[in-house]
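Under my numbering, the first residue of the sequence shown carries the number 121, and numbering increases by one thereafter.
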Amino acid sequence: MGILLALIPALGWGVQPLIARKVGGSPTNQVLGTGMGAVAVGLMVGLFAGSVHGLNFWLSFAAGFLWAWGEVGQFVAFTRIGVTRTMPISTGLQIVGTSLIGVLIFGEWAGTMARLLGTVAIVLVVAGVALTAITDTRTTGQSSLVSGLAILVPTTLGYWAYSALPKTIHAAGIHLFFPEMLGIFIGALVYTLWQTKGRAFTEPASWGNGLIGLVFGLSSLAYIFAAQAAGIATVFVITQLSVVVSTLGAIFILHERKSPRELRLTVSGLILIVVGSILTATL
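In structure tokens form, the structure reads like this:
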């Protein structure tokens, strides 16, 4: 049952970029829609399952708030380098960053063998990211890649915080859910007010992109129950298939162009990223 539940976030998180590109709108519309949809799911869960309080509430809230800024980076990067390059790079940065935080702050990968395998895993992920970033259009491709990395690298700090902060809280994931989703909404709201002074609320694209938040919220909820049933390590590995779903979906559904060589390199890179993530989950 846990394996089947884990397929929900693997698919849901994978289709989010496809929904964003199909619905359209600016990154502001997309992040606002994500926040509105996420907090709607969070409110329902909070009413029935309850929530943490005090410092734990604010730590969970901060995790969601910072995640929203990570999502801003992805949405902006979609417009600069496309989904097929953004998602592998973003996923790779997340895996490497969260793994290093786990080792340096939380004492994970104890023992020489674990650290050796962890290092191999990170090298595989970095190599996979490098392969997906290669383009045959040298001048334009390199300049757009630099532009994409300029937004992805700093905003990925938000994703790292979203992964790390809940580890400091000794409570069931379901009780962290509402403050995290509320944090996502407030983060999206702050970004919207900064970028458009609130105009995005009146734009249909913002409400259409609410589907992204609903999918994210329900997928995250499924992840919690899947982890309880099958274990975090197993579920984490399965959910990494989301990068395969989003990247291949962008090629075959969004029709993002790839030369035969670029396609071979992208698929090879995805395999390395997934293998690397499997190694990190088994340590």
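Cβ atoms here follow ideal geometry from the backbone N, Cα and C, with glycine treated the same way.
Computed from a prediction, not measured in an experiment: that's the story for all the values here.
Please report the straight-line C-alpha distance between Gly248 and Ala158, rounded to a whole angstrom. In the sequence shown, the residue the question calls residue 248 occupies position 128. In the sequence shown, the residue the question calls residue 158 occupies position 38. So the two alpha carbons sit approximately 31 Å from each other.
Going by other Cβ atoms of all chains shown within 10 Å of its Cβ, with 16 needed for buried, is Leu361 buried or exposed? Here residue 361 refers to the residue found at position 241 when the sequence shown is read from its first residue. With 16 or more Cβ atoms within 10 Å of its Cβ, Leu361 is classed as buried.
Label Trp314 either buried or exposed according to how many other C-beta atoms from any shown protein chain fall within 10 Å of its C-beta, with 16 as the threshold for buried. Mapped onto the sequence shown, residue 314 falls at position 194. With fewer than 16 other beta carbons inside 10 angstroms of its own, Trp314 counts as exposed.
Residue closest to Phe305, alpha-carbon to alpha-carbon, out of Gly162, Ala140, Met121: Residue 305 sits at position 185 when you count from the first residue of the sequence shown. With respect to the C-alpha of Phe305, the residue from Gly162, Ala140, Met121 having the closest C-alpha is Gly162.
In this structure, does DSSP put Gln315 in helix, strand or coil? Residue numbering aside, residue 315 sits at position 195 when the sequence shown is read from its first letter. In the structure shown, the three-state DSSP call for Gln315 is helix.
Inter-residue spacing [alpha-carbon to alpha-carbon] between Val203 and Leu179: Translated into positions along the sequence shown, residue 203 becomes position 83. Translated into positions along the sequence shown, residue 179 becomes position 59. Cα to Cα, the separation comes out at about 31 Å.
The stretch 231-251 contacting the stretch 392-400, beta-carbon criterion three pairs below 8 Å: Touching, per the Cβ criterion.
Could you pull out every residue in the same chain whose Cβ sits closer than 7 Å to the Cβ of Gly318, ignoring the five residues on either side in sequence? By one-based count along the sequence shown, residue 318 stands at place 198. Within the same chain, Gly318 has close Cβ partners Thr312.
Through-space distance from Ser264 to Ile123, alpha-carbon basis: Translated into the one-based positions of the sequence shown, residue 123 becomes position 3. Translated into the one-based positions of the sequence shown, residue 264 becomes position 144. Going from the Cα of Ile123 to the Cα of Ser264 covers about 38 Å.
Could you pull out every residue in the same chain whose Cβ sits closer than 7 Å to the Cβ of Ala118, ignoring the five residues on either side in sequence? Lying outside 121 to 403, the shown extent of the chain, residue 118 is not represented and no answer is given.
Residue nearest to Ala169 in terms of C-alpha spacing, selected from Leu385, Ala370, Leu341: Taking the first residue of the sequence shown as position 1, residue 169 is located at position 49. Comparing Cα positions, the closest option is Leu341.
May I ask which residues mark the beginning and end of the alpha helix (DSSP H) holding Arg377? The count along the sequence shown starts at 1 and reaches residue 377 at position 257. The continuous stretches of alpha helix (DSSP H) do not include Arg377, and DSSP gives it neither H nor E.
Is the stretch 210-229 touching the stretch 379-386, taking contact as three or more C-beta pairs under 8 Å? With the cut-off at 8 Å, the stretch 210-229 and the stretch 379-386 do not touch.
Cutoff 6 Å; reference Glu300; Cβ partners in own chain excluding five residues on either side: Along the sequence shown, read from residue 1 onward, the residue named residue 300 stands at position 180. Only residues of its own chain outside the window of five on either side were considered, and among them Ser180, Ala183, Gly184 have a CB closer than 6 Å to the CB of Glu300, listed in chain order.
Where Gln360 falls: helix, strand or coil (DSSP): As a first step, residue 360 is located in the sequence shown; it is residue number 240 there, counting from the start. The answer is coil: DSSP assigns Gln360 none of H, G, I, E or B.
When the Cβ atoms of the stretch 124-139 are set against those of the stretch 359-376, are three or more pairs found closer than 8 Å? With a cut-off of 8 Å, the stretch 359-376 and the stretch 124-139 count as touching, because enough Cβ pairs lie within range.
If you count every other CB in all the chains shown that lies within 10 Å of the CB of Ile358, and 16 or more means buried, which is it? Within the sequence shown, the letter at position 238 stands for residue 358. Classification for Ile358: buried.
Sequence-distant residues of its chain with Cβ nearer than 8 Å to Thr259 (five each side left out): As a working mapping, residue 259 is identified with position 139 in the sequence shown. The predicted model places Thr259 with a pLDDT of 49, which falls under 50 and marks its position as unreliable; any figure quoted below should be read in that light. Excluding five sequence positions before and after Thr259, none of the CB atoms of its chain fall closer than 8 Å to its own CB.
Judging by CA-CA distance, which residue of Ala253, Leu374, His173, Trp229 is the nearest neighbour of Phe297? Residue 297 sits at position 177 when you count from the first residue of the sequence shown. It is His173.
Anyone know if the C-beta pair for Gly268 and Thr218 falls short of 9 Å? Here residue 268 refers to the residue found at position 148 of the sequence shown. Here residue 218 refers to the residue found at position 98 of the sequence shown. Against a cut-off of 9 Å, the Cβ pair of Thr218 and Gly268 comes out as no contact.
Tell me whether the beta-carbon of Thr288 lies closer than 9 Å to the beta-carbon of Thr148. Here residue 288 refers to the residue found at position 168 when the sequence shown is read from its first residue. Here residue 148 refers to the residue found at position 28 when the sequence shown is read from its first residue. No, Cβ-Cβ distance for Thr288 and Thr148 is not below 9 Å.
Ignore the nearest five residues each way along the sequence and tell me which others in Ala346's own chain have a CB closer than 6 Å to its CB. As a first step, residue 346 is located in the sequence shown; it is residue number 226 there, counting from the start. Closer than 6 Å at the Cβ level, and outside the excluded window around Ala346, lie Gly122, Leu125, Ala126, Val355.
Please report the straight-line C-alpha distance between Leu374 and Ala320, rounded to a whole angstrom. The residue you call residue 374 lines up with position 254 of the sequence shown. The residue you call residue 320 lines up with position 200 of the sequence shown. Linking Leu374 to Ala320 through their CA atoms gives a straight-line distance of about 25 Å.
Using alpha carbons as the reference points, say which of Gly337, Thr400, Pro380, Thr276 lies closest to Gly166. Looking up residue 166 in the sequence shown gives position 46. Of the listed residues, the one whose Cα sits closest to Gly166 is Gly337.
Measure the alpha-carbon distance for Ala350 versus Thr257 and round it to whole angstroms. On the sequence shown, residue 350 is found 230 positions in, with the first residue counted as 1. On the sequence shown, residue 257 is found 137 positions in, with the first residue counted as 1. The straight-line gap from Cα to Cα measures roughly 44 Å.
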